[in-house]
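Q:
There are 2 protein chains.
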Amino acid sequence: MKKNKLFDAEYKFMDIVWELEPINSTQLVKVCLEKLAWNKSTTYTVLRKLAQREIVKNENTFVVALVKREDMQKYECNELVEKSFNGSLPAFITAFLNDKTLSLKDAEEIKKMIEEATR
Amino acid sequence: MKKNKLFDAEYKFMDIVWELEPINSTQLVKVCLEKLAWNKSTTYTVLRKLAQREIVKNENTFVVALVKREDMQKYECNELVEKSFNGSLPAFITAFLNDKTLSLKDAEEIKKMIEEATR
DNA sequence: AATTTTAGTTTATCTCAATAAACCTCACGA
DNA sequence: TCGTGAGGTTTATTGAGATAAACTAAAATT
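Protein chains in written order, with the UniProt record's numbering: chain A, 1 to 119; chain R, 1 to 119.
1) Where R/Val67 and R/Glu21 are concerned, what is the direct C-alpha to C-alpha distance, given to the nearest angstrom?
2) Between A/Val46 and A/Phe96, how many whole angstroms is the CB-CB distance? I'm expecting something under 8 Å.
3) Rounded to whole angstroms, what's the CA-CA distance from A/Leu50 to A/Val56? Just pull it up for me.
4) Between the Cα of R/Asn24 and the Cα atoms of R/Leu102, R/Ile16, R/Thr61, which residue gives the shortest distance?
5) Pick helix, strand or coil for A/Phe92, following the three-state DSSP scheme.
6) Thinking C-alpha only, which one of A/Lys74, A/Val64, A/Ala9, A/Lys112 is nearest A/Trp36?
7) Taking C-beta to C-beta, are A/Ile114 and R/Leu102 nearer than 9 Å?
8) Residues of chain A with CB under 7 Å from R/Val81, in chain order?
9) Decide if R/Val64 is buried, meaning its Cβ has at least 16 other Cβ atoms within 10 Å, or exposed.
10) Grouping DSSP H, G and I as helix and E and B as strand, with all else coil, what is A/Thr118?
11) Since A/Asn4 sits in a beta bridge, which residues does DSSP pair it with?
12) Return the residue from the list R/Arg69, R/Glu70, R/Thr94 that minimises the CA-CA distance to A/Cys77.
13) Under three-state DSSP, which class holds A/Leu66?
14) Identify which residue in A/Glu70, A/Lys40, A/Gln52, A/Gly87 has its Cα closest to the Cα of R/Ser84.
15) Say whether chain A places a C-beta atom closer than 9 Å to the C-beta of R/Phe13.
16) How about R/Glu76: is its C-beta nearer than 9 Å to some C-beta of chain A?
17) Would a C-beta distance cut-off of 9 Å place A/Tyr44 and A/Val29 closer than the cut-off?
18) Taking 9 Å as the CB-CB cut-off, is R/Ser25 touching chain A?
19) On a CA-only basis, which of A/Leu33, A/Asp106, A/Asn98, A/Gln73 is nearest A/Arg6? Give me that one, please.
20) If you reduce the DSSP assignment to three classes, tell me which class R/Ile23 lands in.
21) Out of R/Tyr75, R/Val81, R/Phe92, which has the shortest C-alpha to C-alpha gap to residue 202 of chain A?
22) Output, in chain order, the set of chain R residues within a Cβ distance shorter than 8 Å of A/Glu10.
23) Give a yes or no on whether 9 Å exceeds the smallest Cβ distance from R/Lys111 to chain A.
24) I'd like to know whether the C-beta of R/Glu19 is nearer than 9 Å to at least one C-beta of chain A.
25) Could you tell me which residues DSSP puts in a beta bridge with R/Lys57?
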């Protein structure tokens with residue numbers, strides 16, 4: 001199992017951590033109950049597993065992400081583009097844009113990014 | 001479970017089907033043995049499950065994908081961008097390009113796609 | 001001091017993905 | 001006719017994700 005791969009439940013959990021970190025574990029239990037309908041033990045189990053995988057840390061009852069949202073997003077992007085598109089961003093964009101239209105704003109923004117990333 | 005979601009093993013199987021379709025099922029068993037080290041029954045099991053989910057069909061011993069590679073890629077793109085980037089292609093590209101450089105060729109290609117998709 | 005709360009762990013259960021052995025039927029060739 | 005191969009299915013097992021009840025110890029509160 002790849003270290004950074006998050007299963008659906010774990011992703012939902014991390015969404016909460018990323019939004020509220022640093023957060024006291026008892027408070028986290030309350031939020032997970034409210035947002036995910038998880039009982040206390042579920043939360044502690046997921047927390048312990050993710051801590052073992054060094055995705056979060058739980059120190060002095062405070063929970064902090066070791067892998068930040070941006071890092072996880074980057075990982076996911078790369079995994080998908082590598083797996084399904086041979087590492088080709090143009091191929092990804094082709095698939096994504098199929099049948100879609102872009103707003104002028106998004107188009108300008110993307111063009112700017114492309115300029116800046118072009119060597 | 002979402003109909004189009006492919007687990008790792010299923011994805012590997014579909015890679016083979018997409019590449020070789022239409023393919024006779026006994027031949028498919030041989031290829032899966034060679035490429036994935038699967039025994040015959042594993043292949044027939046995965047095949048049956050995917051047929052039940054209408055991702056492939058197996059008619060008169062010939063196996064054909066009902067969901068083509070392009071369709072699956074499109075689905076995966078959309079799922080990821082929706083799940084992690086609120087549907088925003090620019091946000092996806094920001095995460096993907098982090099620290100990366102693009103070749104001139106890729107940059108031109110992307111710009112062209114962006115122009116064509118802009119309303 | 002007794003009780004409650006906090007902050008966990010251990011143990012358990014269910015579902016299902018991943019893989020495959022054993023079994024089955026039919027058709028064809030020796 | 002018998003054996004083999006094709007083309008499957010049934011039954012089984014293991015691992016792991018998802019969830020949580022029961023248990024535990026320490027700290028805080030009454």
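Every residue, glycine too, gets a C-beta built ideally from N, C-alpha and C.
Being a predicted model, the structure only gives us computed values, none of them experimental.
A: Well, looking at it:
1) Looking at the two C-alpha atoms, the distance is approximately 12 Å.
2) A/Val46 to A/Phe96, Cβ: 31 Å. No contact.
3) 6 Å
4) Checking every option, the nearest Cα to that of R/Asn24 belongs to R/Thr61.
5) Residue state, collapsed to three classes: helix.
6) The residue you asked about is not Trp; residue 36 of chain A is Leu in the sequence shown. Comparing C-alpha distances from A/Leu36 to each of A/Lys74, A/Val64, A/Ala9, A/Lys112 shows the shortest one belongs to A/Ala9.
7) yes
8) Phe96
9) The residue is exposed, with fewer than 16 neighbouring Cβ atoms inside 10 Å.
10) strand
11) Note: A/Asn4 sits in no beta bridge, so no partner.
12) Answer by Cα proximity: R/Thr94.
13) coil
14) A/Glu70
15) no
16) Answer yes: the Cβ-Cβ gap between R/Glu76 and chain A drops below 9 Å somewhere.
17) yes
18) Taking Cβ atoms only, chain A never reaches closer than 9 Å to R/Ser25, which makes this a no.
19) Here the sequence assigns Leu to residue 6 of chain A, which means Arg is not the residue at that position. It is A/Gln73 whose Cα lies nearest to the Cα of A/Leu6.
20) strand
21) Look at the range of chain A in this structure, 1 to 119, and you will see that residue 202 of chain A is not part of it.
22) Those do not exist, as A/Glu10 stays about 13 Å from chain R at its closest Cβ, beyond 8 Å.
23) yes
24) no
25) R/Val64
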